[in-house]
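Quick note on numbering: the working numbering labels position 11 of the sequence shown as 0, and the sequence is numbered without any gaps. Using N, Cα and C, we set each Cβ at its ideal position, and we do this for glycine too. Just so we're clear, the structure is a prediction, and the values are computed from it rather than from any experiment. Have a look at the structure below before the remarks.
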Amino acid sequence: MKALFGLLAFTLLFEVILGTEIRGGLEMIRKENPMVNSQFLIDMLGPFKYAHSILGFFITVLCALLGIG
């Protein structure tokens, strides 16, 4: 149980950092190039977009295993 909670805490921290970096990068690109299409920005994320989604799903599964929520 303690190991699952530690894994959950680490995964949450990693996902928050990953999401913040992704959003910050997109905002900087948008600020420097206001004419850039939104779909282009999303396509530019590549595997990071999927990593963020997969981590969110993993966190949901860990919470279910721990009985949180």
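For residue i, the nearest candidate out of the options (CA to CA)
i, options, result
"E10", "H41, F(-1), F29, L(-4)", "H41"
C-beta contact flag for residue i and residue j at 8 Å
i, j, result
"L103", "I48", "Because the chain spans -10 through 58 in this model, residue 103 falls outside it and cannot be assessed."
"R12", "L30", "no"
"L51", "T0", "yes"
"E16", "G45", "no"
Span of the alpha helix (DSSP H), counted from its first residue to its last, around residue i
i, result
"G(-5)", "-9 to 21"
"I48", "36 to 55"
Whole-number beta carbon distance between residue j and residue i, since they are thought to touch under 8 Å
i, j, result
"G(-7)", "L55", "In the sequence on display, residue -7 carries Leu and not Gly. With a Cβ gap of about 6 Å, L(-7) and L55 count as contacting."
Cutoff 8 Å: residue i Cβ touching any chain B Cβ
i, result
"D32", "Among the protein chains of the structure shown there is no chain B, as only one such chain exists."
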